[in-house]
Each structure stands twice: as C-alpha cells, then as structure tokens.
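Participant:
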Amino acid sequence: MYGARTLIAEKYAEEIKTILGRYPNSKSAILPLMHLAQNEYGFMSKEAMQEVADILGLDPTHVLSIAGFYTLFYEEPVGKYVLEICTDLACALRGGDEFLHMACDKLGVEPEGTTEDGMFSVKHVMCLGACDKAPMLQCNLKFEENLDEEKFDALIARLREEAASGKRAPTVVEKITSYAKDGE
Amino acid sequence: MEKHILLRHRDVENIHQLDVYLEHGGYEALKKCVTEYTPAEVIDIIKAANIRGRGGAGFPAGIKWSFIPKQAPVKYVVINADESETGTFKDRELLTFNPHQVIEGALIAAYAIGAETVYCYYRGEFMDIGYNCEQAVLDLRERGMLGDNIFGSEFSCEFHNHYGAGAYICGEETALLQSLEGNLGQPWSKPPFPAVEGLYSKPTVVNNVETLANVPPVIMNGAEWYTDMGTEKSPGVKVVCLSGHVKKPGNYEVIMGMSYRDLIYGEDYGGGMLGDRAFKAMLPSGGSGPVVTAEALDAPIAFEGLDAHGSLMGSASVIIMDETTDMVWAAMKMIEFFKHESCGKCTPCREGTFWMNKLLHRIYEGHGTAEDIKVLEDVAKQIKGKCLCALGEFAISPVLSTIAHFLDEYKAKVQVPA
Amino acid sequence: MSDQVTLSIDGVEVTVPKGTLVVDAAKRIGNDIPVFCYHPKMDPVGMCRMCLVRIGIPMFERGTGEPVLDEDGKQKYMFRGLQTGCTVQVSEGMVVESNTEVVEKARGDVIEFLLTSHPLDCPICDKGGECPLQNLTMRHGEGTSRFDFSDKLKGDKHVPLGDLIFLDRERCIQCARCTRFQAEVVDDPVIAFHNRGRRLEITTLSDPGFDSYWSGNTTDICPVGALTTSDFRFGARPWELKPSASICPHCPVGCNLTFSTRREAKAGGKQVIKRVMPRQNEAVNEIWICDKGRFAYHFVEDGERLQTPLIRKNGELVEASWDEALALVAEKLKAHKATAAGIAGDRLSNEDLYQFQALFREQLGNGNIDLAQRRLAGGDVVAQVGIAKGSNLLDLGAGDAILVVASDLHEEAPVWWLRVKQAAERGVTLVVVNPRETRLDAYAAHTLLYHPRKPLETVKQLVDTAKVELDGELDGLQAAAQALAEANNLVAFYGYEGLSYEETDSLARLLGNLLLMKKGDAVRAGQKNNGLVPVWPRNNTQGAWDVGLHPAYGPGYKKLAKAGLAAEGIYAGVAGGTVKALYVAGSDPIGDGLLAGRGNLEFLVVQELFLTATAQAADVVLPAQSWAEREGTYTSGERRVQRFYPSIAAVGQSRADWQILAQVTEQLGGEKVPFAASILFTQLAKKVAPYKGMDYRGLAKVEKQWPDVGGDDLYYGGNAYNNGSGLGVQWAAEAESKSLEAYKVSDVEANKGKGIQLVSAPALYRTGSLVDRSSVLAPRMAQPEISFHANDAQLLAVEDGDRISLRVNGQVLTATAHVNGQAQAGVAFLRGTAYQPTAVPQRIEKVSEKEA
C-alpha cells in the first residue's frame, strides 16, 4: 500500500466504470471501491471513506459502518506492509502462535503493532484458508506459505529491499483491479 | 489417465487455461445443456444425481434450483466462495487451479433457473487467488462463451467476480447476499429464503464452489454414474481438507464412504500422524462440527457418517489433533474464532460467544473454578436453538463436545474443586 | 381466499388479517410477547430473540390434503424449535405457545445475555422508570447474574452523536431500532453500526453528525437509556413527570404532543416543562414528531416573557394593572370605532381568532381584520373540496395517487413529508410539481418542474391532460396526468413556492377542478381519502379561515356583503392616517417588515408573549399566555379540529388571548365574558357552520388505536404516549354532501418584466421570535443562502460559495451564493432570510461589502 494519493475516481476512472457496470445497484461496488481506496491511501482514512461515499452517492456513515465490520479495512494508519499471521486452530496446531511471536520479536513489535519505521504491521488473524501450508501469512493480501524463521527473514529482507529501491510490484488489489481495465 | 473428478488440475496441467480445459472436454456439459436439454431437464438430472451442498449443509442442489419461481423476470446465481471455516481450503484450490469447472457449473445452474447473471463472492483474503478466474472470465467473453446467446442458444449470461473484505459470517448465504449488495454482512431471518427473495430481492440460488464443480461431470456422465459412487445418502466424491497433526496435510478427493482412518493413515492421504504420535481427537467440520475421538475413526466420510458420534461431516474440514493437544486450549481457540466472527446481530451469539470466550480464557489460564465449567456448559446450552443463523448454533459445539469428551482436562485446570 | 386468518395463541383463538406477525396477533388479544428490536412501525428483523415462541403448523397428508391426526384423533402439528414471533406471519390453524416453561426459560436466557453487557446503572439512567429492558428484566430475568462483573466490557457513556443526541455505549443493546428508523423510516441514514460482534456500536461519520429533522424519535423508540436528547438528559426521572396533552403549534400538520412536566423548586414549586413527546394519533402523526416540534418549546419559559400589562406613559412603556390597561384599550377603540383595524397571527387558537373577529364585527361594527400576512389562498376551495372527513394518509396504497404542488413538504410540514414518502413506498403514485428539486422527488413516480415566471402553466396542462384519455408513447407530464386520472384515490397538497397570492388562488381552483373530475360514476371530491390539503404557512391558518378571521368572510365561510380592509389596506391606512387605531394579536408586522412603523396611528395595542418590534411601538401591551399555559383548539391543514390543554401555570399575569379579547369586548358593552374556553368554543361552533355539533368533550374522544403504543408495555412501540385526550374531529367538506360546479379559473398572466425572480425556499428551522429562544435549535437556523442559475451567476459575476450582498427592492441582503444547478435560468432561490420576496421578477444588483 503506497501513498500516491490521487483521487481514485480519477486514477481508476475506467476500472471504476467497469466495476459499477457489474451491479444493478451501485452500492454493491462499495467493497471493490474501498479496497481500491485503501490501496491508494494506505488505510481507510475518513477522507477515503468520504471519497467512496461521494462516488457511490452514499452517506459517509455507511462507508464507516462497512469499514468497521470487515477486518480487511484499517481505520488507523498501518505499516507499508501488513503481515497478517494466522493463529487459528489449524495453523496453531502447526506452530502458528510460535511463528507470530517469532515474527513480532524479529520486528520488535507487539501483535497488532507497527514498526517504528512504519514499514511493517503485524496482525494475528483468523483462518486464511491455507491450513495445510501452516505457518503462513498474508502480506498485503499476498499469500506466503509453508513458512519458517529462515523464510520469514528472507521475506522481510526482500520487502525491505523493495521499499528501498522505490520500485514495487503491483499489489494484489491492483492486479485484480487491472482485470476491470479491459472493460466488460 | 485422469484420477480426479474435481481436482482435475492434478491430472491435467494448466487446466485453468481455457484452451486446455476445452481440449479436455471443457464446456461440453454447458453446450449439451443449452442445446439439448430444457432447464427442467437439467434440474431433473441434478436432482437425480442428488448432489448435496458441499458448503457443509448438504442440501440437495437440484431441489434448491427447483425452488426458483420460473416466471420471475430477474434471477441470480451466486457462487459462495467465502470459504472461511477454520480448516477449510478446498474451494481455494478449485478456484485457483480449476476455475473453469466451477464457472461451467455455475453457468449450467444459471441456465437451469433462468438467471442471466452469476456473481462469484470470494472472501476478501482470496483476492490473491482470483487471477485465474478473472482471466477465465475475460477469455470466455472474448470467445463469445459468456454474454449473449451462448453456444448460439437463447441462453445469455454474464459472470462477475466479487471480493469480500474479511468476515466469516458472509459464508452464510443471506449475509453473503447482504454483503454483495453493499450492506453489512449480517444474515437475515429466513423466510424469505433466497430462492424467493435473494440478491436485490430477486430469486437467487447460492451454491458452494465445490457443489458447482460437481455439476459438469454429472451432466456429461449422467446421474447414475454419480450415484454409483459414494453412499446412498451421500453420492459422489468429496474434497476433504486435512490439516493439523498429520504428516501430509492437504486436499484429498475421496469417494464418499471412505473411513476417516484411511484418510488419516492412508499412504495416498494423510500418511499418518505427525511424529507418529497417538491420535487424540478430530474436528470433522472445522470449528462447526462437534469434536470426536478415536471411536469415530472408522466412520465413513459422508453427510450421515458421523450421526452415531453426534457430529457431522459438514464441509469435511478435518482438523486432526494428537495426544499432546490441550483440548481446553483447542476449545478456546475455536471460541475465539466464533467470538471474533460473530456479526453481533442476534443476542445469544453476540453475548454468548463473548461470555464463553471469557470463561474459557479464565479456565485455561488457571483462574477458573468448577463453577465456571458449569456456567460454560450452561451458556452453551443457553445459546442453543435461539440464534438467528447457524453461526451461533455452531459456536456451542466446540464447548459442549470438548466438555463431553474431555471433562477431566477442564477439571484439571480449575484451581479449587467446588 | 379469505384475507383473514384464524390461529390460536395459548389456546385463545384470534382472527387477524393475512400477513400479520405473530407478535402483533398476540397483542390483539392482550398477550404481550416481549420484544426489543421489533417495532410495529418498522419491518421485523428478528435480532434480539426476545420474542421466541413455539409455533405449530397443522399437518396435512400430501396428495389428499386430509389433516394428519394423532392417536387421539386430534390434528397433528409440525413444530420447529423456538421461533421469533416478530418474523413469522400467521397462517390458518397455526398454534402458538407463548406461556410454556420452555418459552419462559428462553426469555430469561435472552435477558441474561443482554445484561452481561448492559450496565446496572438504572438509578442514574434517564430511562429508568420507563425502560423496556428494566421492565422485562423484572418480569423475566433472574435475580442474580452468573456473569463475572470483571468480564464486563466497558464503553463510553457520554458520546455526542451530534449536538442533539447522546449515546451511552454501555447501555446500547444493539437492537438497531434507531439505525433502522433513520434509514428506513425517514431515509436519513446518518447513524449506523460500526464493528461487529460484541464490539458493535452506533456511530456516525456524517457532517454534522447525527443531525436529522427526526433525531428525537430515536430516543423514544430506544428500548434502553442508550440514546438521550441533549435537551432532556439528566433533566428528570420519568416517574416524576406528569403528562399533559397538547398540539404542536409550528406547522399545519397538527402533530399530537404530550408535555412532560414536574414541579420544581427553582420555579417556585410550579410545573415546569421537561420535554415534549409525541402522542399517538394514527390519522395525524402516528407516533412521530419532528425535532422542531420537540425542541422549540423553550420560548414558553423564556425569561423575557411579558409579565404584566404595559402602558405608554411619557413615552415609556410602564407596568400597569389589567383593569387600567383594558379600560384604556376599550376607551380608545370606542373613540375610533370606524377607523380601527385588527391584525392577528395565524398561530392563535380558534377561540382567540373567533373572539378577535367578533370584537371587531360585533362591537366596533367594522370588518377591518386580517391575518398579518397571507401567502396561500384557497381556504374557500378547501372548505368545498378539502380532503374528506375520515381520510387517513395511512390508508392510501397501490392504485392511489398523491399530488404535491409548490411545496417542499420536508421543510414546511415534515410529518406530511414522512407520511407521503411512506405512502409512495407502499405503492402510491406520487407526482411532485415544484420549481426546484426537493427531498420528496426521490420517491415520486413523476416529477415536473415549473418556472416561477409562469408557475401555473404546468399545473394547468397537467389538469387539462388528465381530462383526456391518452394512448401510445407518453411524455412525463402526460404520464403524470394519466396516473392522476386513473388513481382510485387522489390527495393533492398545494403550497405557494414561487407563486403570488393571486396565483395560489388559481392553483387551488385548478386542483379543485382536478378533484371534481369523475372517476367512474362519482367525482373524487367528497370521497374518503380524496381531496385537497393546503400546506398553510402556520399551524392554524385553517382555523383562521374557518372562524372568519378574514376581511371577506365571516365565521363558517359566510361571504360578506361588504369586505373589510385586508392587511395591505390596513398597513396602507396606518401609514396614510385612515386607520387610527390598530389592534395586533399574536403577530409582529413591524418586526416582519410588513408594516414600516406606527405611521399615523393614534392608538396601537399589542397582545403578545414578548416585547416584539410591534409591541415596542405600542401604546398598550397586553401579556398573553403561550399555548402551554392554557387551553384551546387548532384546526390542521387536514381540517381536523384538535384540542390542546394547559400543562403549566400562567407566566406572570398573562392571560389567554381569547380571554383578553373577551374582556375588551365586555368593556365595550358586549356580552359577559365566557369563563372557560370550552364555553366560547361551544358558542363558536354554533356560528361556524362546519363545526356544528362540536364541543370540547367530543374533541376529547378517543378510541383504541393500532398499533397499541404507549401502554404499560413500553417495549412494544416505544415511549410515545398513547392518546387519552382526544383524536380531534375532522370536519366534512362541502363536496361530501352536495355536488359542486367546476371552478372558474382566471387566466393568470405570466409574470413579465426583466430581472431575476426571487423565490423564497422554505427551511424548517427559520429564524423567528419564538423558535430562536430554543438553545437547541438556535444553532440550526438556516443561514442566508441564495442559489442562482449559472447564466445569471455569470451576469452578476457571482461564483459558487461567494459571500455576497445584493440590493433587491431597496433592501440589502447578505447571503452565501450557490451555483449548483438548483435554480432555473431567471430564478434565484432565497433561503434562511427574513426577507419575503414578492412573486415578481426583480432587478438584482450586487453591492459592495461596505454598502452592506
């Protein structure tokens, strides 16, 4: 999640048009648009909520309500990379909890915390549907599976490198949204 | 030689690509339906095959389709890909690697009920596995296999992918529809059932991913081919998600009726207990099915298979626990899940999961009393039969079943016996 | 198939309409199934699970349809587990068990769950004493809780959701009544749930927060003390409060109110108004009121209320006795009998206005009386084709139509807006004809726009088109006309936005002709649920017409041989010296800019609540009582005569307006003063033909209303009061008893001339001598705004958002300019200013800030 901070209505005009075209009622586009807004601004700020509300002609209170209900929306600023580590039963049976603590120790944060440099947030989450590949996590929605300490170190190193280079691969949200570019 | 009916990608490389899928008989079933069968005939085949809902409830898909009022001008098919139950990861594999089979099944459903739009609702965390399905839709559209007059027939249909944003409850069909409409993902009190008033208040069929993947092979091979497999009440094959303390966790496509013992210990399946430790308990349906012990190992994997053991196959998300597992801890983990995922709409689930979580933490952390165990059991019983949807009803089974089988472990944790 | 269903609840048979919910069916036979989330005015959601019952459906053999019998030969029933009685519709032969041990246990269980999160702070809670949760806990809850107190989730207890409503997060039981009310009932979804599970809480991100015209209603229907108004919170305990019935004096809807009062030491032991609540009247306001009606009452207790009569001595107004003041008034009026005139406000009661005209016509022998300002004409048309007696907007549904012309109901008469909106949602075809978009348009099947330069052209076309049958492709106006022509029932609301007074008279007649058209064999006018409803500018304009407070009509619409001076003539006479004495009651013509000053008057008497601009110019000022201190009647726009009652003691030496007028009458040699308003009303009813036979006792009659709200079972409908003090009496329009000729409508010339036509756009919260005194409402007053069409804005060099000063008709106005597509070319809408534009185009000139 990178803060280019352009109005999504302008930056993704074509994609938003396609997405809106999928539903008989534009309110249905609220989740796709909120994913885009969060991708753009790094978290679901009040301004981002207002922007989504404006595009869809909704009261911003509704967007806030949606943001509060679904766990993938962050109402407070988070790190550049959000590491969501599954500690649910199936993962925990294969070291999910220990992996979370290892990750937190390495990054020097508490669960739900963000590193001082604003690079990483660590959250522990419920089942992500990858129980056979535990321990696992999602980093900005990208699956990272069959992890151990070594692989975690490598992941962190890769992410730091990516951040330092200033270049980055498209995010999951951007990749999925790009399919709406071709129109429907 | 293809060994799988659903997990066909394990036999055919790149079957997620349209050309590969077509080379291997893809969309023949859809073509057959729209060119040879009437919608009613399609429903009859699915009914005869008795494809039961693979999301866990086991409701026959054909009957579900037949509930849709024929005269209604606008109808919808919605694919439930909100796979969020602890220990469940089968739909994810199907959508990632064999998306066309799911799409084909959904289009057949749409043809059967007269819908012109299909939505596939993924849990938000599955966005990273949506690419193949997104590409599949673009490819189909380009080939004219989506949109107007599919295979030159009168049948026209669109298909859209939609991603949620993190809420287990959206796997409940009415909550899913609410979420898809842009509302809070809270279930509504049925009736009205989605078949009568569903998405945008229009008649809607909501089917699980795996259920729909069963449809094309049934159309091609006939109902009898399907009912020849499995048990009388649970025909066909089932993708079982095996996780926890086994050597080879993963998805396994099994013919209904195979025993849990074979699943866990079979060389082609789980390959035995991790570290060859002793089996202690199993959750046959993620957090939602009551825990069972070794007594149930020879039970068949089938919707009715665990009836005698007070549990259920459900979505077949089998979580295996070995002798080292603390069952109070396991119950606590599951209740944390249910507490976290309770939408808050109805009182017993909202308050009850919160209360049970508090009690379990107290007991697990060694501050509990014998009275707390009693209250915990009471609270679970007090939730039972009062919830608006199944989530709250599920939430009691980890508690009641662990107390039933492992009361000693609870007792050992409370400080002063009452 | 019959539309009635018979079922049995705990062995008691009940027959109810198909579609009735089990809880409502039970209520009909006095079986109070407890609820929290269910509310009879909203769709059921089945969230709280308090209403769980066991429901059995009779079993029949598949195929034969024969009943399935048990061993004893009795009908067998299929029972599921416990089901929510609020979501299940009744069916024939259903059996409901609501008094079994299982059900009772379930209720106790749900209560226990709710209390695990609810604080036990009843002793300091505003709801304590009238709290559904408290009551149901007493009835169904256990004495003790097994929930460990240390596990309790703590929540913020004083969360302002806006300036009006506070939320106590701990007390909220997540029933969603408030959010559903805002979203579904009034379509103002500015509050919503946030988070989920146990962390579910009410919140807002709207600007400026929970600030809705309807917000107070959420506190009535909240089943716990989670929502409180900033006005009432911590104000009093419910059991200390004494209810007294009243009628809202702020618009022509005539909402039924209840004042809650208690005696307070700081008021010297007198009753003090603590809050205003809705009182159920299903034909008027159901159980809702707008926030203006709820919060505007504070002027009653304002410290600046006049306490004693004042007489001008040596240029100063000084305190005087009633005897001295009344004698002086009588003496001066006697001296100027033929040159006296009277100006009254249409917020006064029927009794006041009747006595006012009687004083002039009978004692002074002169009919120079009028309302201070008339904006809307057509009272005579309403008397003939007004909405028929026994009508109720609630009865309109699919197949019926409502027409709204020249009125923004949301701002002018909010409860009518709500009821019309809900009618449209029930299937009524709504046609809205206005000079700009309004909040009602969203629910309309057809919206038509007129240009204020030729405001009647569209309506005329609409009415003319409705007379002919049309085929084929229809344009918007044709489709609307057809819908009106085909409707089973037709109600037409009309107002005056962008119209001159003369034009509103033509509008009333045009709509009168629409209603006099035949539907089938009969004309609509005169039939139940058909007719005209004027959106009068004030609460009792209707009453003023009825009792003859009109220069051309006597009581009961008796056309006078010789009309007296109308307001314009009176004001001109004051300036010109032909009017020597002026009696002003309940209005402030000088403050409102209608009258320049006392001109050449020799005597000016004013009876008022406050020392208004007019009062300051007076020779005698008489302190009047507010409506909260006295009794009387108002007549609503639907012609319902409704009684209000005294709830607090009179302020100072103030007297009721009718009483003052009667005492002046007596001094002038007239009949002895009636000692009670009820006697005066009985006299009035004899003179005002349509009121024939009415008396205070009849107006106080009540009958059982549905849904049953405000009884002991507070949990069912909320805290609105049930109506024990009168549903009022609607009087019959002439068309109900005789056939009428079509009206002649004078050809209205389109306004000509250059310039921009300024149109006053109404605002619910507009500054005024009474409402300004409510500290809750004062900050919500509409600020001066003017909206232009882009072309006009360009010519005037005005941009959107500019703060501008304009000279119009000699007056300088300062307002924020909007160029937002609301205004048509050649029109500018003025909102939130005291200035009332005439319906003639004006030359508008932009002036410098300095000049302003």
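Chains as they are written, first to last, in the numbering used here: chain G, 1 to 184; chain Y, 1001 to 1418; chain B, 2001 to 2852.
We put the beta carbon where it would ideally sit given N, CA and C, even for glycine.
On a predicted model such as this, the values are computed, not experimentally measured, just so you know.
1) Please determine if the region 1142 to 1162 of chain Y and the region 1191 to 1202 of chain Y are in contact, where contact requires at least 3 C-beta pairs separated by less than 8 Å.
2) Given a cut-off of 8 Å on the beta-carbon distance, is the pair GLY2345 of chain B and SER2587 of chain B in contact?
3) Just to confirm my understanding: we take LEU2770 of chain B, look at its own chain, exclude 5 residues before and 5 after, and list those with CB closer than 6 Å. What are they?
4) With three or more beta-carbon pairs closer than 8 Å as the criterion, would you say the region 2778 to 2793 of chain B touches the region 2809 to 2828 of chain B?
5) Output needed for LYS11 of chain G: all residues of its chain with C-beta closer than 6 Å, excluding positions within five of it in sequence on either side, in chain order.
6) Identify, in the order they occur along the chain, each residue of the same chain with its Cβ nearer than 8 Å to the Cβ of GLY1185 of chain Y, setting aside the five sequence neighbours on each side.
7) Which one or two residues does DSSP pair with CYS1343 of chain Y in a beta bridge?
8) Pull up the CB-CB distance for MET119 of chain G and LYS167 of chain G, whole angstroms please, since I reckon it's below 8 Å.
9) Closer than 8 Å, CB to CB, is THR61 of chain G near chain B or not?
10) Out of B:ASP2441, B:VAL2045, B:GLU2282 and B:ALA2406, which one is the CA nearest neighbour of LYS2421 of chain B?
11) Counting only beta-carbon separations shorter than 8 Å, does ALA1418 of chain Y have a partner in chain B?
12) Residues in the same chain with beta-carbon distance under 6 Å from ILE19 of chain G, minus the five sequence neighbours each way, listed in chain order, please.
13) Along chain Y, which residues have their Cβ under 9 Å away from the Cβ of GLN138 of chain G?
14) Name, going along the chain, the residues of the region 2131 to 2148 of chain B whose beta-carbon falls closer than 9 Å to a beta-carbon of chain Y.
15) Per DSSP, which one or two residues make a beta bridge with PHE2166 of chain B?
16) So which of B:TYR2645, B:SER2206 and B:LEU2795 has the shortest CA-CA distance to LYS46 of chain G?
17) For TRP2239 of chain B, count the other beta carbons within 10 Å of its own beta carbon; 16 or more makes it buried, fewer makes it exposed. Which is it?
18) Along the chain, where does the alpha helix (DSSP H) that runs through SER1156 of chain Y open and close?
19) Assess, as a yes-or-no matter, whether the region 1202 to 1213 of chain Y is touched by the region 1049 to 1060 of chain Y under the definition of 3 or more beta carbon pairs within less than 8 Å.
20) Against chain C, which members of the region 68 to 83 of chain G pass a CB distance test of less than 7 Å?
21) Over the uninterrupted beta strand (DSSP E) stretch that includes ASP153 of chain G, give me the two end residues.
22) SER2854 of chain B: which of B:ARG2294, B:ARG2279, B:ARG2233 and B:ARG2169 sits nearest, CA to CA?
23) Given the structure, does TYR81 of chain G come close to the ligand NAP, in the sense that its CB is under 7 Å from one of the ligand's heavy atoms?
24) Find the residues of chain G that neighbour ASN1249 of chain Y, judging by a C-beta separation of less than 9 Å, and give them in chain order.
25) Which one of B:PRO2837, B:ALA2828, B:ARG2831 and B:VAL2798 has the shortest CA to CA distance from ASN2809 of chain B?
26) Which runs of the beta strand (DSSP E) spanning at least 3 residues fall entirely within the region 1221 to 1298 of chain Y, listed in chain order?
27) Suppose you measure from the CA of CYS104 of chain G to the CA of GLY2129 of chain B; what does that come to, to the nearest Å?
28) For chain B, check one thing: does any of its Cβ atoms lie closer than 8 Å to the Cβ of PHE1406 of chain Y?
29) SER2117 of chain B touches chain Y at which residues, Cβ-Cβ below 7 Å?
30) Under 8 Å between the Cβ atoms of GLY2599 of chain B and THR2612 of chain B?
31) I need the DSSP call for PHE1338 of chain Y, collapsed to helix, strand or coil.
32) Are the Cβ atoms of VAL2045 of chain B and TYR2716 of chain B separated by less than 8 Å?
33) Just the chain B side, please: which residues come within less than 8 Å of LYS268 of chain G by C-beta, in chain order?
34) If you run the structure through DSSP and keep just helix, strand and coil, what is HIS1100 of chain Y?
35) Determine the closest residue to SER2215 of chain B out of B:ASP2695, B:THR2228 and B:LYS2154, with distance taken between C-alpha atoms.
36) Does any residue of chain B bring its CB to less than 8 Å from the CB of HIS1367 of chain Y?
Facilitator: According to the structure data:
1) no
2) yes
3) PHE2299
4) yes
5) none
6) GLY1164, ALA1167, ILE1169, CYS1170, ALA1175, LEU1176, GLN1178, SER1179 and CYS1343
7) In DSSP, CYS1343 of chain Y forms no bridge with anything.
8) So it is not a contact: roughly 16 Å between Cβ atoms.
9) yes
10) B:ASP2441
11) Note that ALA1418 of chain Y scores a pLDDT of 48, beneath 50, so its modelled location is shaky; the value from the coordinates is reported in the next line. False, the Cβ-Cβ gap to chain B never drops below 8 Å.
12) ALA29, PRO32 and ALA180
13) GLU1125 and ASP1128
14) ARG2146, PHE2147 and ASP2148
15) B:PRO2160 and B:THR2228
16) B:SER2206
17) exposed
18) Careful: SER1156 of chain Y lies outside any alpha helix (DSSP H) and carries neither H nor E.
19) yes
20) Of the protein chains in the structure, G, Y and B, none is chain C.
21) ASP153 of chain G -> not in any beta strand (DSSP E); alpha helix (DSSP H) instead, spanning 149 to 165.
22) This structure cannot speak to residue 2854 of chain B, because chain B is shown only from 2001 to 2852.
23) Judged by which ligands are present, the structure shown has none, so any question about the ligand NAP falls away.
24) The residue you asked about is not Asn; residue 1249 of chain Y is Pro in the sequence shown. Under the 9 Å cutoff, chain G gives ALA90, ARG94, CYS131, ASP132, LYS133 and ALA134.
25) B:PRO2837
26) 1237 to 1244, 1250 to 1255 and 1279 to 1287
27) 51 Å
28) no
29) GLU1351
30) no
31) helix
32) no
33) No statement about residue 268 of chain G is possible, as the shown extent of chain G runs from 1 to 184 and does not include it.
34) helix
35) B:THR2228
36) no
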